[in-house]
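Read the sequence shown against my numbering and you will find it ends at 328, with the numbers running on by one and no gaps. Glycine included, every Cβ here is placed at the ideal spot set by N, Cα and C. Below: the structure, in C-alpha cells.
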Amino acid sequence: MFNALYIDKVDDQYQCTMTSLNDTELAEGDVTVKVTYSSLNYKDGLAITGRSPVVRRFPMIPGIDFAGVVESSQHPSFNPGQRVFINGWGLGEKHWGGLTEKATVKGDWLLPIPDALSDYDVMAVGTAGYTAMLCVQAVQNHGITPESGKILVTGANGGVGSFAISYLSKLGYTVVASTGRAEETPRLKALGADEIIDRASLSEPGRALGKEQWAAAIDSVGSHTLANVCASIQYGGIVAACGLAQGMDFPSSVAPFILRGVTLAGIDSVMCPNEKRLQAWAQIAKLIDEEMIQSISTCVSFSEAMESAERLLKGEIKGRVVVDIQHA
Ligand code: NDP
C-alpha cells in the first residue's frame with residue numbers, strides 16, 4: 001500500500017484527498033519509483049483545488065514532477081537503487097503524477113539525477129529553473145557570447161526570469177532585468193542583474209523596429225512585450241520565448257526577422273526531447289549552488305501539500321515549494 005493525493009469526480013463533485021492505494025493500482029509503465037520529493041507548481045495548485053480544468057483524465061494523481069529511487073525496472077537504462085527524476089510529459093494532467101509515495105512511469109521519460117545534485121535540489125530547481133536553462137542554451141547555441149552585448153530578461157521576478165538572470169550572470173553575461181516590481185531591485189541585483197528597467201516601457205503597442213539595444217533576450221511574458229523585445233534586438237540576435245504572463249498574443253511584424261535577421265526561438269519544457277534535457281541539467285548542475293537552492297525554495301511535508309496548494313494560488317508562498325513525500 002502507498003499514499004497518494006487522489007483527484008476524482010464523485011457524484012460530479014471534484015475531490016482531492018489523501019488516499020491509500022494498492023500496488024496493483026499503479027499506472028502502466030516500465031519503471032516503479034519510490035518518490036522522495038515532488039514540488040508544487042501553479043498548475044498543481046489548480047489541479048489540487050479544481051480551480052481550473054488542468055486534469056484531463058479521472059482519477060488522477062497530481063504533481064508535474066518528482067524525484068526518487070528506482071524500486072523495480074524493466075527498462076534497460078534504469079536499475080533498482082538508481083536516483084531518477086522527471087518533469088513534464090503530461091504528468092498530473094494526462095498521466096499519474098508525483099504527489100505520491102510510489103509511481104510507475106515510462107522509463108523513457110525518466111532522467112538520472114546528476115551526481116552534483118540531490119533529490120531535493122532537482123525539485124527546487126524544478127520546471128522553472130530547467131525552462132530558464134533551455135532558454136539560456138538557445139541563446140548560447142546561437143553563438144551569443146558575453147562580448148556580443150547585453151541580454152534582456154523579462155518577467156524578471158518570476159520563477160523562469162529569476163533563474164535566467166542567475167545563470168546568465170554566472171556565465172559572464174551582462175543582464176538587463178525587466179520588471180514591474182522596482183522594489184525588488186536589491187533581490188534582482190543579488191541574483192546577478194546589472195541593470196533594471198520598468199516593464200511598462202515594453203508592455204504597450206510599439207514600433208515595428210526600435211533602437212538595437214540587446215544582443216539577445218529571454219522572454220516569459222509574450223504579447224506586446226515580446227513584440228517590442230523582437231523590435232529592439234541587435235542585428236542577428238535571438239529571442240528565446242517561453243511564456244505568456246502578459247498574454248498569448250504576438251502583435252508583431254516580420255520586420256525584425258527579415259530586416260535584422262533576428263531569430264525567434266520557441267522553448268517548450270513539457271515534450272522537450274531527453275538529449276536537450278540532459279544538456280540543460282548538466283549545465284544547471286555546474287551553475288547552481290546550495291545558497292541559491294536555500295534562497296529559492298521552501299520545504300513542506302506531504303500532509304501539508306493540499307493546504308500549501310491553496311496558499312500558493314493566493315500568492316502567500318514565495319519561490320519554489322518542494323514537497324517532502326516520505327515525511328507526512
Ligand atoms: P511567474 O508567475 O513566477 O512569473 C511571471 C512573471 O512575469 C511575474 O513575476 C512578473 O514579473 C511578470 N508578469 C506577470 N504579469 C505580467 C504582465 N501582465 N505583463 C508583464 N509582465 C508580467 O511564472 P514563471 O516564471 O514560472 O513562468 C513564466 C511564464 O512561462 C508563464 O507564462 C508560464 O506559463 C510559462 N512557462 C512556460 C514553460 C514552457 O515550457 N514553455 C515552462 C514554465 C513556464 P515582474 O514582477 O518581475 O514584472
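Query raised in the report: In terms of alpha-carbon separation, which member of Ser220, Phe2, Asp30, Val153 lies closest to Leu99?
Result: Residue mapping note: residue 99 aligns to position 99 of the sequence shown, counting from 1. The shortest Cα separation from Leu99 among Ser220, Phe2, Asp30, Val153 belongs to Phe2.
Report task. Would you please state the rounded distance, in angstroms, between the beta carbons of Glu74 and Asp30? I believe it to be under 8 angstroms. Result -> Reading the sequence shown from its first residue, position 74 is the one you call residue 74. Reading the sequence shown from its first residue, position 30 is the one you call residue 30. First, the amino acid is wrong: residue 74 is Gln here, not Glu. Separation of the CB atoms of Gln74 and Asp30 is rounded to 4 angstroms, and the pair is thereby assigned contact status at 8 angstroms.
Report task. Would you mind reading off the limits of the beta strand (DSSP E) that contains Thr185? Result -> Position 185 of the sequence shown holds residue 185. Looking at the DSSP string, Thr185 is not in any beta strand (DSSP E); the run it does join, the alpha helix (DSSP H), is 185-191.
**Report entry** Same chain only: Cβ atoms within 7 angstroms of Ala227, ignoring 5 sequence neighbours per side
**Finding:** Numbered from its first residue, the sequence shown carries residue 227 at position 227. The answer, listed in chain order, is Gly206, Phe250, Pro251, Ser252.
Report task. Compute every distance between the C-beta of Val239 and the non-hydrogen atoms of the ligand NDP, then say whether any falls below 8 angstroms. Result -> For this step, residue 239 is matched to residue 239 along the sequence shown. Not one heavy atom of the ligand NDP sits closer than 8 angstroms to the Cβ of Val239.
Query raised in the report: Applying the criterion that 16 or more other CB atoms from any shown protein chain within 10 Å of the CB defines a buried residue, is Met271 buried or exposed?
Result: Mapped onto the sequence shown, residue 271 falls at position 271. Exposed, since its Cβ has fewer than 16 Cβ neighbours within 10 Å.
Query raised in the report: Three-state secondary structure (DSSP) at Cys242?
Result: By 1-based counting over the sequence shown, the position of residue 242 is 242. When DSSP states are grouped into helix, strand and coil, Cys242 belongs to the coil group.
Query raised in the report: Can you name the start and end residues of the beta strand (DSSP E) that Cys299 belongs to?
Result: If you number the sequence shown from 1, residue 299 lands on position 299. Counting along the chain, the beta strand (DSSP E) containing Cys299 begins and ends at 297-301.
Query - Which of helix, strand or coil DSSP assigns to Arg277 - result: The residue given as residue 277 occupies position 277 in the sequence shown. DSSP places Arg277 in helix when its eight states are reduced to three.
Query raised in the report: For the ligand NDP, any of its heavy atoms closer than 8 angstroms to the Cβ of Asp289?
Result: Stepping through the sequence shown from its first residue, residue 289 is reached at position 289. Not so, every heavy atom of the ligand NDP lies at least 8 angstroms from the Cβ.
Requested in this report: Quick one: measure Cβ to Cβ for Gly180 and Trp214, integer angstroms, because I've assumed they're closer than 8 angstroms.
Outcome: In the sequence shown, counting from the first residue as 1, residue 180 sits at position 180. In the sequence shown, counting from the first residue as 1, residue 214 sits at position 214. The beta-carbon separation of Gly180 and Trp214, rounded to 19 angstroms, does not stay under the 8 angstroms limit for a contact.
Requested in this report: Report the rounded CA-to-CA distance for Thr49 versus Asp324, giving the unit in angstroms.
Outcome: In the sequence shown, counting from the first residue as 1, residue 49 sits at position 49. In the sequence shown, counting from the first residue as 1, residue 324 sits at position 324. Rounded to the nearest angstrom, the two C-alpha atoms are 20 angstroms apart.
Requested in this report: For Ile7, collect the residues of the same chain with a Cβ closer than 8 angstroms to its Cβ; drop the 5 residues on either side in sequence, then sort them by chain order.
Outcome: Numbered from its first residue, the sequence shown carries residue 7 at position 7. Within the same chain, Ile7 has close Cβ partners Tyr14, Gln15, Cys16, Ala47, Ile48, Gly50, Val55, Phe58, Pro59, Met60, Ile61, Pro62.
Report task. Would you mind giving the Cβ-Cβ distance between Val300 and Ala124, rounded to the nearest angstrom? I have them listed as a contact below 8 angstroms. Result -> If you number the sequence shown from 1, residue 300 lands on position 300. If you number the sequence shown from 1, residue 124 lands on position 124. Contact doesn't hold; Cβ gap of about 12 angstroms is too wide.
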